[in-house]
Amino acid sequence: MDPTPQRRHTAPMNHERLFDEAVRLAYQCFDDPTDGHITGVYAVIVWQAQRGIAPCVTVH
Numbered sequence: 119m120d121p122t123p124q125r126r127h128t129a130p131m132n133h134e135r136l137f138d139e140a141v142r143l144a145y146q147c148f149d150d151p152t153d154g155h156i157t158g159v160y161a162v163i164v165w166q167a168q169r170g171i172a173p174c175v176t177v178h
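Residue numbers (our numbering): 119 to 178.
Here it is, written out as C-alpha cells:
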C-alpha cells in the first residue's frame with residue numbers, strides 16, 4: 119500500500135453546483151417538484167457533503 123497522500127480524483131462541489139444537482143435530482147424523483155422538494159434535497163446534499171459522503175444521496 120502506498121503511504122503517500124493521493125490527490126482527489128474529483129474536486130469538491132461548490133454550493134451552486136450542489137443546488138444544480140438538487141434541482142436535477144428533484145425533477146428526476148418527483149413528478150412535479152415544488153421549491154420545498156428542491157430545498158429539501160439541497161439540504162440533504164449539503165449535509166452529506168459536509169460529512170464527506172457527498173456521492174450518497176437518499177431521496178424519500
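No residue lacks a Cβ here, since even glycine has one placed at the ideal position from N, Cα and C.
All values reported here derive from a predicted model rather than from experimental measurement.
Could you check whether residue j and residue i sit closer than 8 Å to each other, using their CB atoms as the reference points?
i	j	result
Val-164	Ala-144	no
Alpha helix (DSSP H) containing residue i: first to last residue?
i	result
Ile-156	153-168
Asp-138	133-147
Tell me which same chain residues have a C-beta within less than 6 Å of the C-beta of residue i, skipping the five on either side of it?
i	result
Phe-137	Tyr-160
From residue i to residue j, what does the alpha carbon distance come to, in whole angstroms?
i	j	result
Gly-154	Arg-142	14 Å
Asp-150	Thr-157	14 Å
Gln-168	Glu-134	15 Å
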